[in-house]
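Peer 1:
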């Protein structure tokens, strides 16, 4: 890496860590094809279910499945747009071909190119900074955690994008039938009420939000004081070893809820971390 590249990377990191979580507004006239309008209005965010009373309470999991999403609360959002699909390898390559930001290639690529035949697969191996810059390249931004959840569950408070029951066949999750990434749009039957697809499964999706306690929450975690970014949506990846298939299904089912929260350091780039972009429906006043 040259000195110039190092300076660019340092400047980018400082800039994004300080302010890129704030919304970047754009005119609706600039909305790109493939974005879905999420109408203004309230929705229910979070859940009142707790770890202690859940169907997975006896499994001794090292992380919470419910408590950090307490309590259920109303959030009123302005209208916004969100991509119908996760960003693909081919789309990310458009950004990579023109960027001057060093170290922008995903961790899952070789020689600055995605694997052959995977242009329509979700781009993965992205850290939060790479995801943010890629969205900015297309005139968009990362969705907030609240925007992501509304786009996934709608305004009727459903548990999953497709309804209230866990249906494993409607998403590419946790080493299921496919056990690998799939092209975007492979599970239209799992679309959200707004028609947004693959909100659950395929790849975890970065949001712009820091991992913090919800208003009125009694749950305490030292993670809330760290600079961790919320990721949403679960993925095709494995989630550990379980005593039996029913235990695996129960845990994966809860991790696939539209209100389930998880987090990564912004520098983390895993084989199943991807991105979906958003933008405001109206220009800033």
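In the working numbering, the protein residues as written are 1077 to 1361.
Glycine is no exception: its CB is placed at the ideal position from the N, C-alpha and C atoms.
Since we're looking at a predicted model, the values are computed, not measured.
(1) CA-CA distance, residue 1158 and residue 1177?
(2) If contact is defined by three or more beta carbon pairs under 8 Å, each pair taking one atom from either stretch, is the stretch 1289-1309 in contact with the stretch 1255-1273?
(3) If you check the beta carbons only, do residue 1228 and residue 1275 fall under 8 Å apart?
(4) Quick check on residue 1109: buried or exposed, where buried means 16 or more other Cβ atoms within 10 Å of its Cβ?
(5) Should residue 1349 be labelled buried (16 or more other beta-carbon atoms within 10 Å of its own) or exposed?
(6) Quick check on the burial criterion: 16 or more other C-beta atoms within 10 angstroms. Buried or exposed for residue 1184?
(7) To the nearest angstrom, how far is it from the Cα of residue 1175 to the Cα of residue 1201?
(8) Pull up the distance between the alpha-carbon of residue 1106 and that of residue 1286, whole angstroms please.
(9) Which residue or residues does DSSP assign as beta-bridge partners of residue 1189?
(10) Where does residue 1281 sit, in a helix, a strand or coil, going by DSSP?
(11) Between residue 1244 and residue 1160, is the Cβ-Cβ spacing less than 8 Å?
(12) What residues in its chain sit with their C-beta under 8 Å from that of residue 1133, if we drop five residues either side in the sequence?
(13) So is residue 1240 buried or exposed if we call it buried at 16+ other beta carbons inside 10 Å?
(14) By the three-class DSSP mapping on this structure, what secondary structure does residue 1347 have?
(15) Of the choices 1118, 1138, 1167, 1145, whose alpha-carbon is the least far from that of residue 1333?
(16) Taking the DSSP output, what are the residues bridged to residue 1338?
Peer 2: So, from the data block:
(1) Rounded to the nearest angstrom, the two C-alpha atoms are 25 Å apart.
(2) Using a Cβ-Cβ distance cut-off of 8 Å, the stretch 1255-1273 and the stretch 1289-1309 are not in contact, since fewer than three pairs of beta carbons, one from each stretch, lie closer than that value.
(3) The answer is yes: Cβ separation under 8 Å.
(4) Label assigned to residue 1109: exposed.
(5) The residue in question, residue 1349, is buried, as its Cβ has 16 or more Cβ neighbours within 10 Å.
(6) Residue environment for residue 1184: buried (at least 16 other C-beta atoms within 10 angstroms of its C-beta).
(7) Distance between the alpha carbons of residue 1175 and residue 1201 is about 17 Å.
(8) Going from the Cα of residue 1106 to the Cα of residue 1286 covers about 28 Å.
(9) According to DSSP, residue pairing for residue 1189 in a beta bridge involves 1186.
(10) If DSSP states are grouped into helix, strand and coil, residue 1281 belongs with the strands.
(11) Not in contact: residue 1244 and residue 1160 (Cβ atoms no closer than 8 Å).
(12) 1127.
(13) So residue 1240 counts as exposed.
(14) Coil, per DSSP.
(15) With distances taken between Cα atoms, residue 1333 lies closest to 1145.
(16) 1307.
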